[in-house]
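Trainee:
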Amino acid sequence: MHAERFQVTPVFLNGRIVPREEARISPLDRGYLFADAIYEVIPVYRSKLFLWSEHYRRLERSLGAIGLTNPYPEHKWRGHL
């Protein structure tokens with residue numbers, strides 16, 4: 158494996174994709190203060206999101222379970238991915 162492959166890691170932050178090195182959050186950010194987090198993995202096969210609708214519904218349930226509002230409609234999430 159070559160090191161240059163890992164030099165730029167994209168991060169989705171506040172509606173934008175930025176290089177990891179530029180990503181910054183406020184120390185007053187709610188997620189930082191209270192460790193609000195969910196984790197969702199969406200596999201991609203042959204450039205297609207696998208079972209997108211099911212993963213999106215789980216994302217919405219997970220957000221709701223910890224009291225967070227989904228910040229984007231489905232088409233926006235899909236566009237980011």
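Be aware that the sequence shown starts at 158, since it is given in the numbering used here, and climbs by one per residue.
Ideal placement from N, C-alpha and C gives every residue a C-beta, glycine not left out.
Below 8 Å, how does it come out for the stretch 192-199 and the stretch 214-227: are there three or more Cβ pairs, yes or no?
Mentor: Segments in contact, yes.
Trainee: How many Å lie between Leu216 and Ile174 at the Cα?
Mentor: Taking the first residue of the sequence shown as position 1, residue 216 is located at position 59. Taking the first residue of the sequence shown as position 1, residue 174 is located at position 17. Distance between the alpha carbons of Leu216 and Ile174: 19 Å.
Trainee: Looking at C-alpha atoms only, which residue of Glu178, Pro230 and Arg181 is the closest neighbour of Tyr213?
Mentor: Locating residue 213 in the sequence shown gives position 56, counting from the first residue. Checked all of Glu178, Pro230 and Arg181; the closest Cα to Tyr213 is Pro230.
Trainee: Output yes or no for whether 8 Å exceeds the beta carbon distance between Ala180 and Val168.
Mentor: One-based indexing of the sequence shown puts residue 180 at position 23. One-based indexing of the sequence shown puts residue 168 at position 11. For Ala180 and Val168, yes; Cβs fall inside 8 Å.
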